[in-house]
Each structure stands twice: as structure tokens, then as C-alpha cells.
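Residue numbers (the working numbering): 921 to 1076.
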Amino acid sequence: MNEATISRACKQNEVSFATRVKDKIGVLWEDIEKPPYKTLFNRSVNGSNLWALVQILRVVENKLSEVQKQRDGREKLFATHSNRLILHLVYKSLPDVFFSISSDLTPEQIDDIQSITSKFLGSIMSESSNLFPTFYPANIFRNVTKCQEIVEKILN
């Protein structure tokens, strides 16, 4: 259920969902009869799409885990704390074909996702350092306004 919730939250157009799932995932389940739960889980959600989202989540998480093991300092902190924002950006950047698969991702798709993940990690580190040079990374990625600023800078 966690992977499905994280995936659906980060796939939303609004970055606030990715921020919420980073900080307080339980809030998304508080009342299953109304939003935000109903926004994430409704009749439009199908098993194939959800499986595709979860597979992408796992590739992103694995890539970030590799970075965390290989790096230290600020880069390690960003790989840890920006994971949901990176996933949000990865979902936004992938073509629709990635979300309509009913089988496992191909090796080529996995490579593409890993590459995009690395690209967004670098962009997030750069923009965060420019916008919020004195902030601890964990505090940046729990703040909706700061995450929106970062996304706007990266996508524009």
C-alpha cells in the first residue's frame, strides 16, 4: 500500500502531494471517503497503470540508493531527502507509453529512468543550492512552497 500511495501521490500534477507523501503519508489515508485519498484512489486507477508506477518508483529508489552509497555530504543528503520530488519530476518527464505497460519494464526503459533520475538529482541540487543555500535538505523537501519553486525553476 505504501508504494502505491507514494506512486499515485508523486504522479499528481500538484507537487503538494509529493511533499505530503514525503512528510506525512498517513494524512493521505485519514478519510478514505474524501480527498486526498479519493484523489489518489478512485475508479480511474487500474492495475496495469499502478504496476507501471510502482516499477518506476522502484527504479528511482534503487538509483538514489546507489548514489547514497557512493557519495557523502550534501549530495548524499539530497539523494535521500529529495526522493519524492525526483519521482514527481520523473513521472512528469516520461512519455505516456511508460504508464501503459502491462508487463515489466524493459532494460532500455530502466536505463532511461535511471538517467532521468540522475539528471533531476543534479538539477534539484543546483536549484536548491541557489534558492536555499543555508537550508538543510530535509527541511526543503517538506515545504510545499520551496518544492514548487524548485520545480518551476527546473521545468521552465
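For glycine and all other residues, C-beta sits at the position ideal for the given N, C-alpha and C. This one's a predicted model, so the numbers in the text were calculated from it and none came from an experiment.
Are at least three pairs of beta-carbons, each pair with one atom in the region 1031 to 1044 and one in the region 974 to 983, less than 8 angstroms apart?
yes
Contact check, L973 vs K944, beta carbons under 9 angstroms
Between L973 and K944, the C-beta gap is not smaller than 9 angstroms, which leaves the two residues out of contact.
Does the Cβ-Cβ distance between L1025 and L1075 come in under 9 angstroms?
no
Measure the CB-CB distance between A1086 and L1007 and report whether it falls below 9 angstroms.
A query on residue 1086 cannot be resolved here, the shown segment of the chain reaching from 921 to 1076 and no further.
M1045 lies in the alpha helix (DSSP H); which residues open and close that run?
P1027 to L1051
Taking F1061 and L1005 to be in contact with their CB atoms under 8 angstroms, please state how far apart those CB atoms are, rounded to whole angstroms.
6 angstroms
Between the region 1065 to 1075 and the region 1038 to 1055, do three or more beta carbon pairs fall short of 8 angstroms?
yes
Report all residues from its chain with a CB closer than 6 angstroms to the CB of N969; omit the five preceding and five following residues, and keep chain order.
F1019
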